[in-house]
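Enquirer: In my numbering, the protein residues as written are 4 to 112. Got a structure here, written out as structure tokens. Questions coming.
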């Protein structure tokens, strides 16, 4: 759970979770990780979003979390191993990211 909360606090893409995990989870399968993430979503602590374009006040282009992915769509998305890997092309647009909810921000880290 701790790694998912850290990832959500950092608004890092989903593959960033692995960097905060201890073994054996760090090298475990995505189904093991999905089984940890879904209860965090169900408890209202974490949202799964896709990164969307953002333009800063100074005109710089960036990314920010878009709307929450509907819960009913998460099992299929989390079953796709590609969503747990860093993109080969380095493009983060559209990638899954975790975001803490207000309730998640109250969880001690």
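Ideal Cβ positions, reconstructed from N, Cα and C, are used throughout, including at glycine. From a predicted model like this one, the values you see are computed outputs, not experimental measurements.
1) Does residue 50 come out as helix, strand or coil in the three-state DSSP assignment?
2) Per DSSP, residue 33 forms a beta bridge with which residues?
3) Mind checking which residues open and close the beta strand (DSSP E) that includes residue 65?
4) What would DSSP say about residue 60, mapped onto helix, strand or coil?
5) Pick from 37, 29, 64, 43: whose alpha carbon is nearest that of residue 106?
Expert: In brief:
1) Three-state DSSP puts residue 50 in a strand.
2) Bridge partners of residue 33: none, in fact.
3) Residue 65 -> beta strand (DSSP E) spans 64-71.
4) In the structure shown, residue 60 falls within a coil segment according to DSSP collapsed to helix, strand and coil.
5) Comparing C-alpha distances from residue 106 to each of 37, 29, 64, 43 shows the shortest one belongs to 43.
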